[in-house]
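Chemist: Numbering (my numbering), first residue to last: 2 to 1276.
C-beta: ideal position from N, C-alpha, C; glycine also.
This is the structure, below, for whatever I ask next.
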């Protein structure tokens, strides 16, 4: 072919002739194949010749042919040729449109010809003409005036596929131009308003034509129709969409989504997406009609491997969800809503990040109350969806970066990643994904808030009455709070390690703001956790970095709102506690109104509403301050410290500066209360000091809530800074004096208490008020429990940190004790109780503090006041009276040495003994410390004072009557019909027996007058010892002590009236035996039983009990020796005694040098019983004594050893000369007895007899009951 063309090109005339011949063949040859061959040759020839002259020649010939009067059918080859030339030669269309306009006009006749083949070829040629921008512009008028209507008619009436396809091709080219779109839509009657009823006027409007093609079963035409609609809408959806919507095309588009063609579904998605920009699309409920089809389509396409289709479908779904009017329900039933959630779940879990990102956006749009208003709201499904969305975000692998300190992670900006673009792009994608996720979570939180006002959305109304539904708003709200804590916050924090986006942080902070109202009951805990996790610092840094000037106003507003909510939440929580505390104080006063002055009660009830009203006013004032200043507080932390140090010009009050300072102080205060100390203490202390000086210079008075923050921050930072000088202290004093209610600036913290008590300038003026507030707030219940437990374990109580701090302060400054004692007299009963408890623990812990004289006089005054305020019927209700008595006893225990009692002591003795007389036997809390005090007063004094004490106690008839009633309880306990005694009641019995025994001994010694005797049954006393029935050891000690003194007094005493009843055996006999008569009031059987019982008690090896038993045995043997020596010898010579001695010596490091063993050996030796004590035991004792350092032996051991040596020395005929010499040497070495004041041996027992009693209660190897007695009462 090429050689032929080269030959033809050499002669123009031959070439023209040849072209003309071929052109003529088109109209003379009937055979279609020949025509096609001729057209092909012509096109190739003209194209290869590359000369415009031949193109013009063909166009001229074509025009001549078309103007011939022959039928239009014969013009078909010409149209085909022109179309193929336009295909092959790019400039052909432009040459035709510019130089041969008449030919173009003649093309219109082809469209009017009824043959669709001709029309198709004409449409194809037009398509080529309008595909060129030059020719399209040239033919613009032609289209507007001539072609448009004819073309639309042709398109509307096209029947063959060829014509339809060519028409759609031409339409696509035309729709690329906005001008042609306007012309086409105008000719279709589109210029009317979208609300007009005549929108579809015109013979063949384009929307109806496209709708007709859309309804065809031809997929190609459906795709083309949909694409043409989109081509129209893309120019101006608002302008052109109404025409398609009024033609109900959206419904048919939604119906097309049921097909399987991906290209058709894609086209429909695109078209519908454009239609969503017109409100008519929603108002005419097309979305309601098609939403089910769309959801079904999304579910099906997600199974395909077409990412772009997935994204487009989700994008359409998102736009519909966003733009759907709230008054028109999109999901008309619960099942549709759950299906939508299911589809979103699948899309979120898609492994392709782009698809998941679109799905997350759809979730955010879906979470609207009007989308979920069909009851019941599927809260459980929403929880699953939210969790999947957040976990999908968490699964994204963030790029690694250098780790930063924990405190800087929240505020760091990603380092430059210019060397790794892929990593940077990944970070951006993940940031966008996180942003969309947070947007969805924010909408979920807003949904929960909106549902709170809708009763039908609270829970599933269809739940069975007998079952509990998990599908409730409360569960959903709690889930949101929990998932935010576990996933949302960590996600944002982890992303912030790489980069900080203002937009993302704005959404995140707004989520936190919304959560304050999602679960109001958890608002306090939520605020505490956020603040303790440095969120105040985070928010301040965000504001300083991104919100300076007018930049990022949304972020600034979100951060300011967050800080406002957090501060108000923490403040209101503290105020609620204060309010409840104030009301609690009033109720306590009301309860104890009989014990306190009524005028004080009436005064407090009148001022309480005023106090609460002032607190409400201050809270409102603080709220206004925060709202006014937070948005302008865009300072970094260093800048904030500089701000605190700024001072306004003299004589000029800068309100804005002060407001900013106040606001910044409040933020620091709330952060520090939650242990977020993000400002160095020394720097903060210095800045606040400067602030105080500025306030002092200006004469300002900060509001109480601001000054509370100042005092708290100073107290927290004080330990790491220097002490304040006089100027700031004067400022503090001036401001506090101006505040009517010191409680409004008080924060319950040990360091604040320490701060006020540290400076003498503050202690003298405000110490009383601060300590009263401290005790009002402090909970001492745990300390009381620990104190009671410590009494049982002989240890010191474990106090809370607050009390430990106060105890440390008291030890360093004993003058504060005076304030505490004043509080006992002037404060409420509850505060007084806590003060007394504190003093009790302080005295127990600090034995070296010499405050006894100071405390005794104060305690007397307090005791007198309490007794005046309490009648005999209200003693039991007074909680402070037992505590005060315990303190009096503790102070008394400090005096280890004997001393002369003064008037204060006797006044205390008088009041306590009278108090005992007013009590009942079951008032253990009052009687226990009282009897301990009386017992100690009786012993730890000089002989002169002791005689007066005995006289005072024996003159108190009510006291002796009380002792009688308490002792009588011993005979009825334990009883199967009576409840078991408590440990405090057991201890009371022990105290009563010990005090009675002491009174019995001292009355006999001093021959004191008795006003009321005590009656006891001798047989019952013996039975208690013989048949012990699990009696406490200390109770047996008291009873044995009394029995010992009775025996020594030969059963005759002015104080004690013994009731002697005949035994069962003697009642059967007419006369008692000679031995029984000699031992009266005892019998031989009772003596032997008593001895056996005492031996058994000794075998228990209880230290305190053993000494008492030995002393009782000594008294009994003396009595038997006087009354009946045979019986005495019989008792002393029993073989069991020797076995008992070896039992006591067995085990551990037991030796003869023990007081109870020495006294027992001395007792056996006294009655010359060689069967029990042999020369071997005597030699062993002497050997141990020789090796021991006698000067360092405890006094009770040395005295027992002296008695033993004297007893052995008296038996000179039974000892060897060497032993006699050893005994004399030992007697000269053993120190003499130092205690000469007590006429009766061992009267201080068990206190003086047990050297392990250190201080007030250092007890070793004592039973718990014994400890309860000695150390005092139980709380």
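Relative to the C-alpha of residue 887, which candidate in 564, 845, 338, 104 has its C-alpha closest?
Modeler: Taking only the C-alpha atoms, the option nearest residue 887 is 845.
Chemist: Count the C-beta pairs between the segment 1045–1053 and the segment 1093–1100 that are closer than 8 Å, then say yes if the count reaches three, no if not.
Modeler: Under the Cβ criterion (8 Å, minimum of three pairs), the segment 1045–1053 does not count as touching the segment 1093–1100.
Chemist: Within 10 angstroms of its Cβ, does residue 972 collect 16 or more other Cβ (buried), or is it exposed?
Modeler: Residue 972 comes out exposed.
Chemist: Taking contact to mean 3 or more Cβ pairs, one atom from each stretch, closer than 8 Å, check whether the segment 284–303 and the segment 255–269 are in contact.
Modeler: yes
Chemist: Just grab the DSSP bridge partners of residue 1209 for me.
Modeler: Per DSSP, none; premise fails for residue 1209.
Chemist: Considering only residues of the same chain and omitting the five flanking positions on each side of residue 1045, which have a CB-CB separation below 6 Å?
Modeler: 1112, 1113, 1116
Chemist: Three or more C-beta pairs under 8 Å: does that hold for the segment 360–367 against the segment 308–327?
Modeler: yes
Chemist: So if DSSP puts residue 1016 in a beta bridge, which residue, or which two residues, is it bridged to?
Modeler: 1058
Chemist: Quick check on residue 288: does DSSP put it in helix, strand or coil?
Modeler: helix
Chemist: Which whole-angstrom value is the C-beta distance of residue 500 and residue 428, which I expect to be below 8 Å?
Modeler: 6 Å
Chemist: In the DSSP assignment, find the alpha helix (DSSP H) that holds residue 1178 and state where it starts and stops.
Modeler: 1176–1188
Chemist: Rounding to the nearest angstrom, what Cα-Cα distance links residue 814 and residue 537 in this structure?
Modeler: 38 Å
Chemist: Considering only the beta carbon of each residue, do residue 968 and residue 997 sit closer than 9 Å?
Modeler: yes
Chemist: Per DSSP, which one or two residues make a beta bridge with residue 110?
Modeler: Residue 110 pairs with nothing; no bridge assigned.
Chemist: Under 8 Å Cβ to Cβ from residue 479, same chain only, skipping five residues before and after it: list those, please.
Modeler: 520, 523
Chemist: How about residue 1159 and residue 1191: do their beta carbons lie closer than 9 Å?
Modeler: With contacts defined as CB atoms closer than 9 Å, residue 1159 and residue 1191 fail to qualify as a contacting pair.
Chemist: Please classify residue 920: does DSSP put it in a helix, a strand, or coil?
Modeler: coil
Chemist: Any beta carbon from chain D within less than 9 Å of residue 25's own beta carbon?
Modeler: Of the protein chains in the structure, only one exists, and it is not chain D.
Chemist: If you reduce the DSSP assignment to three classes, tell me which class residue 330 lands in.
Modeler: Three-state result, residue 330: coil.
Chemist: Tell me whether residue 1176 is buried or exposed, calling it buried when 16 or more other Cβ atoms sit within 10 Å of its Cβ.
Modeler: exposed
Chemist: Expressed to the nearest angstrom, what Euclidean distance is found between the alpha-carbon atoms of residue 85 and residue 187?
Modeler: 32 Å
Chemist: I need the straight-line Cα distance from residue 704 to residue 912, nearest angstrom please.
Modeler: 50 Å
Chemist: Compute the Euclidean distance between the alpha carbons of residue 330 and residue 556, then round it to the nearest angstrom.
Modeler: For residue 330 and residue 556, the distance between alpha carbons rounds to 33 Å.
Chemist: Go ahead and label residue 190 buried or exposed: buried means 16 or more other beta carbons lie within 10 angstroms of its beta carbon, across all protein chains shown.
Modeler: The predicted position of residue 190 is uncertain, since its pLDDT is 47 and thus under 50; no value can be drawn from it.
Chemist: What does the alpha-carbon distance come out to for the pair residue 230 and residue 207?
Modeler: 9 Å
Chemist: Buried or exposed: residue 271, going by 16 or more other Cβ atoms within 10 Å of its Cβ?
Modeler: buried
Chemist: Among the residues of its own chain, which have a CB less than 7 Å from the CB of residue 1032, if the five just before and after it don't count?
Modeler: 1025
Chemist: Do you know how far the Cα of residue 62 is from the Cα of residue 127?
Modeler: 19 Å
Chemist: Using a Cβ distance threshold of 8 Å, determine whether the segment 567–576 contacts the segment 524–531, with at least three qualifying pairs required.
Modeler: Under the three-pair Cβ rule at 8 Å, the segment 567–576 counts as touching the segment 524–531.
Chemist: Return the CA-CA distance between residue 20 and residue 14, expressed in angstroms with no decimal places.
Modeler: 10 Å
Chemist: Compare the Cα-Cα distances from residue 333 to each of 291, 209, 363 and report the closest residue.
Modeler: 291
Chemist: Quick check on the DSSP output: what are the complete alpha helix (DSSP H) runs of length 4 or more inside the segment 338–404, in order along the chain?
Modeler: 354–367, 380–395
Chemist: Please list, in chain order, all residues of the same chain as residue 883 whose beta carbon is under 7 Å from its beta carbon, the five residues on each side excluded.
Modeler: Same-chain partners within the cutoff: 926, 927, 930, 1274.
Chemist: So, residue 834 versus residue 880, is the Cβ gap smaller than 9 Å?
Modeler: yes
Chemist: Helix, strand or coil for residue 1009, going by three-state DSSP, please let me know.
Modeler: coil
Chemist: Residue 1248 to residue 731, Cα distance in whole Å?
Modeler: The predicted position of residue 1248 is uncertain, since its pLDDT is 33 and thus under 50; no value can be drawn from it.
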